[in-house]
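Notes follow once the structure below has been shown.
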Amino acid sequence: MSQTIAHSGPEAHAASAHHHHELSFFNKYIWSEDHKTIAIQYLFTSLFFLLIGGLLAMGVRYQLAFSGAPIPLIGTLLPKWLVTDAGAIQPQGYNGLVTMHATVMVFLVVMPLLVGVFGNFLIPLKIGAPDMAFPFFNALSFWLFFVSGFVLLSSFLVPTGFPAAGWTSYAPLSANGAFNGSGAGQSLWCVGIFLNGLASIAGAVNYITTIINMRAPGMKMFRLPLPVWALFITAILLLLAVPVLSAAAAMLFFDLNFGTSFFNVQASHYGQPLMWQHLFWFFGHPEVYILILPAMGLVSEMLAVFSRKPIFGYKAMVYAMAAIGVLGFVVWGHHMFVSGMNLMLSSAFSFSTMLIAVPSAIKTFNWLGTVWGGSIRFTTSMCFALSFVSMFVIGGLSGIYMASTPVDLFIHHTYFIVAHIHYVLFGGSLFGIFGAIYFWYPKMFGRMMNELWGKVHFVLSFMFFNLTFFPMHNLGLNGMPRRIADPSLYDFMKSQQPLQIFVSLSAFGLGLSTLIFFINFFFSMFRGPKAPRNPWNSTTLEWTLPSPPGHGNFEVTPTVYNGPYEYSVPGMEQDFLPQNQPAPETARLAVH
Amino acid sequence: MSSRPSSLARFCILLTLLLAGVSTSWADTARTTNLWWMPENASAGGVLIDQLIYFILFLTGGVFILTQVVYIFFLVKYRHRKGVRAIYSHGNNRLEIIWTAIPTAIFIGLWGYSNHVWSDVLHAPPPADALQVGVAAYQFGFSFQYAGADGKLGKAEASFVSNDNMFGNDPDDPDAKDNFTSTVLEIPVNRPVHIRLDSKDVIHAFYVPQFRVYQDIVPGRIIEWVWFTPTKMGSYQLACNQLCGSGHYNMKAQIDVVSQADFDKWYQEKAKAVQPPAGAKLTSLSETKDQ
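For the record, the sequence lines run as chains A and B. The first sequence begins at 241 in the working numbering and counts up by one. The second sequence begins at 3 in the working numbering and counts up by one.
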């Protein structure tokens, strides 16, 4: 299969599809090299981690609202590094919860859901390829990710518990077990992040090669659907950014265990704590875009499909994403305005950060342009995609505060930042992911998800999300530092306790509303109505295939005639023109 | 594909109104209960920062309301109706240029404004008459060092920082001999305070929300550019705002901003208590310890 490329003709395809029919159970479900199976493996694994990450968040919110109160029911069953004898969360345990919540959500949930699930599932189907360029690498990537997740979580069982230096693991706290009190957990964190990085690199190489080499005839770069463009740019970012983190994690592991002093200033006077921050954020800022670009691509597609309109400014969207990709590598210092870095550098990074807001603004305006004049269908996917835009606007606008260096003097490291990151990562990326799961579920599993319960999930998530995270802006403006286990110990935060409790109760609501999604997800897998090939009347290639598509995807390599979003073309009866169908004579396609 | 767009649209509008209503009531409750808004500013530089924050608040608030009103209007107006087809449009290049150019201009302008404030508040060198205070951070507390009777804090270097010399004072510098330490950061009102920050273990932070000041305290280096001018007397809390270990949650110190007269009295008492014995003035700290 790996040798077969899309251009090699229908016979080769039919043969390869046939050849792969008799797979053993092991090769079909465990070590599968089929990109669709790998995508589904990624989906189940990262949804499992979403549950874990969500539970950790519930622990964090419980502590902030009711610090010192034993956790009901399970409190006394938890390990001693996490809770007191009475079952209340300890400060060090709280640090561990915060650290692992962020680590799990970033590395084991949002990244794999976007890149692992939708990258794997959609790229070959959307470009008309039988599979990825390197199916073996693809399977390896999943299993490395799988192992990395359990390595990261295994610190739960270590006597000193979770790593407790924050997901950013700032050295020298992270580089010295005597300082952080959880050296074993921190070492496991380094190993987990390293393996996770290898998985990302293997995936990224695969995506880039596949998109460049395996497009079906006629699938020009500017006929690629936007999710593919987004994943292509994301893969380039991954390939350039992740190795830096992997290297940094390896160096940190050496500092922790073998007495080197890359970052450890105590071992010798040559260790450089700020070097960790530079390495981490050189990865970390492109990472932020890795976590949002694919969601932008997925959302763009849903907006076009359910507005029954071409994307407004398709090329502008592509250029904006490319600009984000390039500028994303020169803004990392905005995490370090007050880190002790040279103050002139702060000014320079502030400038590049202001510039990177421009392509995000362009994208937002083009999304507004896409729904303008549409014939909008409010499906569950569309509701999530629409709310993505609003939540991303809030997250983007709150980012402007931080880009301004003097304002950062005040709000740096406060809950304002926590609000910002969650508007982008939850209201943005995760809402985009939810929408995309409702949208591509029929293609993945051959059944439809329940729309009514989908809407219930949407309304509750949207409501509780905003009730949880919007007030965090206020908490932050009042000076609440992030990562403080008990804010009531500070005079200036005491008056905010009612708001703190309100946020926690909303967070529990948000957690519960996600369970509706899980029930719908698994119930529909067995009881959902059978999905037709093209339930949303969509134009891209995956909808020309059966749901779910067979092994090897296309029996005959499709030829592509049109751009990806030819909806409501004048002169056509049908309101969509699939990419693989030549336009009828009557159709008046616009040149753009 | 079927749905009830009007009810959904109605829900969206209701939610927006609710958010808008809540936001207007913030301003009122803000001052009285301090549940929603920034603590009252208590530094000279904070005035400029607050102006900038309000400027950005109105800018982003305006953009938010504008985009969301247009967006919701579109969602209601262009909801699916039988027999009405979507407009076929791939975009408009002139619009693309306009909505690229305008944000670019705004963002560059905002950068200019921000950078101006940044230069005034932090980047400018501290005034010559500033009170110099050394701040040492450690797991899990702060300690403060004052210049003593001679009014000179003396030289400090990161390589001298140790358990016995938390502030990294140069042992050969006589100016440091009469320095005294305090567990409370006592400072006079309306006089610039220039702090010198060092840490002996991990990264901590010097964060006082009322002063609108944040600076990480990094081991291995001494940070000498932070200064601020407190403008309101009162008691404040210094919080460590950089995760620094198991005791981070409770790493704080008291800051007392007092009148110049009260400060002088406090300072003289403290300074008197550490007068070094006569004759020991020019010997180094390490030698005195050995004797």
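Where is the CB? At the ideal position from N, CA and C, for every residue including glycine.
Label N165(B) either buried or exposed according to how many other C-beta atoms from any shown protein chain fall within 10 Å of its C-beta, with 16 as the threshold for buried.
For the purposes of this step, residue 165(B) is taken as the residue at position 163 of the second sequence. When all chains shown are included, N165(B) counts as exposed.
Starting from the C-beta of D30(B), find all residues in its chain whose C-beta is less than 6 angstroms away, skip the five residues before and the five after it, and write them out in chain order.
Within the second sequence, the letter at position 28 stands for residue 30(B). Note that D30(B) has pLDDT 44, beneath the 50 cutoff, so the model's placement of it is unreliable and the number below is only indicative. Hits under 6 angstroms: none found.
Mind pulling the chain B residues with CB within less than 8 angstroms of L583(A)?
Indexing the first sequence from 1 puts residue 583(A) at position 343. Correct list: W120, L124, H125 and W227.
Determine which residues share a DSSP beta bridge with V259(B) and list them.
In the second sequence, counting from the first residue as 1, residue 259(B) sits at position 257. Beta-bridge pairing links V259(B) to I189(B) and G236(B).
May I ask you to report which of helix, strand or coil DSSP gives F146(B)?
Counting from one through the second sequence, the residue named residue 146(B) turns up at place 144. Note: F146(B) maps to strand in three-state DSSP.
In chain order, what residues of the same chain lie with their CB nearer than 7 angstroms to the CB of A560(A), ignoring the 5 residues before and after it?
Here residue 560(A) corresponds to residue number 320 of the first sequence, with the count starting at 1. Hits under 7 angstroms: P599, I602 and K603.
Go ahead and label I314(A) buried or exposed: buried means 16 or more other beta carbons lie within 10 angstroms of its beta carbon, across all protein chains shown.
The residue you call residue 314(A) lines up with position 74 of the first sequence. With fewer than 16 other Cβ atoms within 10 Å, it is exposed.
Our contact map puts G143(B) next to D177(B) with C-beta atoms below 8 angstroms; I'd like the distance itself, whole angstroms only.
Within the second sequence, residue 143(B) is the residue found at index 141, counting from 1. Within the second sequence, residue 177(B) is the residue found at index 175, counting from 1. About 25 angstroms separates the two Cβ atoms, so there is no contact after all.
Does the stretch 722-739 of chain A come close enough to the stretch 765-779 of chain A to have 3 or more Cβ pairs within less than 8 angstroms?
Not touching, per the Cβ criterion.
Using a Cβ-Cβ distance cut-off of 8 angstroms, determine whether G421(A) contacts chain B.
The residue you call residue 421(A) lines up with position 181 of the first sequence. Closer than 8 angstroms: yes.
Whole angstroms is fine: what's the gap from L817(A)'s alpha carbon to Y90(B)'s?
As a working mapping, residue 817(A) is identified with position 577 in the first sequence. As a working mapping, residue 90(B) is identified with position 88 in the second sequence. Those two C-alpha atoms are separated by around 12 angstroms.
Excluding the 5 residues preceding and the 5 following G356(A) in the sequence, name in chain order all residues of the same chain whose CB lies nearer than 6 angstroms to its CB.
Counted from its first residue, the first sequence places residue 356(A) at position 116. Correct list, in chain order: Y282.
Quick one: Cα of R617(A) to Cα of V800(A), how far?
Working through the first sequence from its first residue, we reach residue 617(A) at position 377. Working through the first sequence from its first residue, we reach residue 800(A) at position 560. Each residue's alpha carbon lies about 27 angstroms from the other.
List, in chain order, every chain B residue whose beta-carbon is nearer than 7 angstroms to that of F591(A).
Counting from one through the first sequence, the residue named residue 591(A) turns up at place 351. Within chain B, the residues near F591(A) are W113.
If we cut at 8 angstroms on Cβ distances, does P399(A) have a partner in chain B?
In the first sequence, the residue the question calls residue 399(A) occupies position 159. Chain B, which has no Cβ nearer than 8 angstroms to the Cβ of P399(A), makes this no.
Under a Cβ-count criterion, where at least 16 other Cβ atoms within 10 Å of its own Cβ denotes burial, should G281(B) be classed as buried or exposed?
To locate residue 281(B), count along the second sequence from 1; it is residue 279. In this prediction, G281(B) has a pLDDT of 44, which is less than 50 and means its spatial position is unreliable; what the coordinates show is noted afterwards. So G281(B) counts as exposed.
At the level of alpha carbons, what is the spacing between Q70(B) and S630(A)?
In the second sequence, residue 70(B) corresponds to position 68, counting from 1. In the first sequence, residue 630(A) corresponds to position 390, counting from 1. Those two C-alpha atoms are separated by around 7 angstroms.
If we ignore side chains and look at the alpha-carbon of each, how far apart do L649(A) and V743(A) end up?
In the first sequence, residue 649(A) corresponds to position 409, counting from 1. In the first sequence, residue 743(A) corresponds to position 503, counting from 1. Distance between the alpha carbons of L649(A) and V743(A) is about 25 angstroms.
At a CB-CB cut-off below 7 angstroms, which residues of chain A make contact with M40(B)?
In the second sequence, residue 40(B) corresponds to position 38, counting from 1. Those within 7 angstroms of M40(B) in chain A are L717 and N718.
Classify L337(A) as helix, strand or coil using the three-state DSSP reduction.
For the purposes of this step, residue 337(A) is identified with residue 97 of the first sequence, where counting begins at 1. Looking at L337(A) - three-state DSSP - the assignment turns out to be helix.
Along the stretch 80-99 of chain B, what residues have a CB closer than 9 angstroms to any CB found in chain A?
Those residues of the stretch 80-99 of chain B that come within reach of chain A (Cβ to Cβ, closer than 9 angstroms) are Y80, R81, H82, R83, V86, R87, A88, I89, Y90, S91, H92, G93, N94, N95, L97 and E98.
Looking only at DSSP bridge pairs, what is D180(B) linked to?
Counting from 1 along the second sequence, the entry for residue 180(B) is found at position 178. Its beta-bridge partners do not exist; DSSP assigns none.
By the criterion of Cβ-Cβ separation under 7 angstroms, what are the contact partners of K254(B) in chain A?
Sequence index remark: in the second sequence, residue 254(B) carries index 252 (1-based). Under the 7 angstroms cutoff, chain A gives Y730.
What do you get for F60(B), buried or exposed, if any count of 16 or more other CB atoms within 10 angstroms of its CB means buried?
Translated into positions along the second sequence, residue 60(B) becomes position 58. Its Cβ having fewer than 16 others within 10 Å, F60(B) is exposed.
Return helix, strand or coil for T26(B), following the three-state DSSP convention.
Locating residue 26(B) in the second sequence gives position 24, counting from the first residue. Here the model assigns T26(B) a pLDDT of 49, short of 50, so the residue's position is not dependable and the matter cannot be decided.
Could you run through the stretch 635-648 of chain A and flag, in chain order, every residue whose CB is less than 7 angstroms away from some CB of chain B?
Within the stretch 635-648 of chain A, the residues whose Cβ lies closer than 7 angstroms to some Cβ of chain B are L637, I640, Y641, S644, T645, P646 and V647, listed in chain order.
Can a CB atom of chain B be found closer than 8 angstroms to the CB of Q332(A)?
Your numbering for residue 332(A) matches position 92 in the first sequence. Judged by the 8 angstroms Cβ criterion, Q332(A) is in contact with chain B.
Flag this pair as yes or no: are the beta carbons of G47(B) and F230(B) separated by less than 8 angstroms?
The residue you call residue 47(B) lines up with position 45 of the second sequence. The residue you call residue 230(B) lines up with position 228 of the second sequence. Closer than 8 angstroms, so yes.
Is T593(A) buried or exposed, if buried means 16 or more other CB atoms sit within 10 Å of its CB?
In the first sequence, the residue the question calls residue 593(A) occupies position 353. Looking at its Cβ environment, which holds 16 or more other Cβ atoms inside 10 Å, T593(A) is buried.
In the stretch 252-328 of chain A, which residue ranges form an unbroken alpha helix (DSSP H) of at least 4 residues, counting only runs that do not cross its ends?
Entirely contained in the stretch 252-328 of chain A, the alpha helix (DSSP H) runs reaching 4 residues are, in chain order, 275-305.
Using a Cβ-Cβ cut-off of 8 angstroms, state whether D172(B) counts as contacting chain A.
Here residue 172(B) corresponds to residue number 170 of the second sequence, with the count starting at 1. Cβ-Cβ to chain A under 8 angstroms: no for D172(B).
According to the Cβ coordinates, are Q147(B) and V163(B) closer than 8 angstroms?
Here residue 147(B) is taken as the residue at index 145 of the second sequence, counted from 1. Here residue 163(B) is taken as the residue at index 161 of the second sequence, counted from 1. Contact: no.
Bridge partners of F294(B), per DSSP?
Coverage of chain B is limited to positions 3 through 293, which leaves residue 294(B) absent and any answer about it impossible.
List, in order along the chain, the chain A residues whose C-beta lies closer than 7 angstroms to that of T183(B)?
Position 181 of the second sequence holds residue 183(B). Simply none; closest approach about 23 angstroms.
Comparing alpha-carbon positions, which option in L519(A), A470(A) and L477(A) lies nearest M491(A)?
Counting from 1 along the first sequence, the entry for residue 491(A) is found at position 251. Of the listed residues, the one whose Cα sits closest to M491(A) is L519(A).
Kindly indicate which three-state DSSP category V210(B) falls into: helix, strand or coil?
As a working mapping, residue 210(B) is identified with position 208 in the second sequence. Note: V210(B) maps to strand in three-state DSSP.
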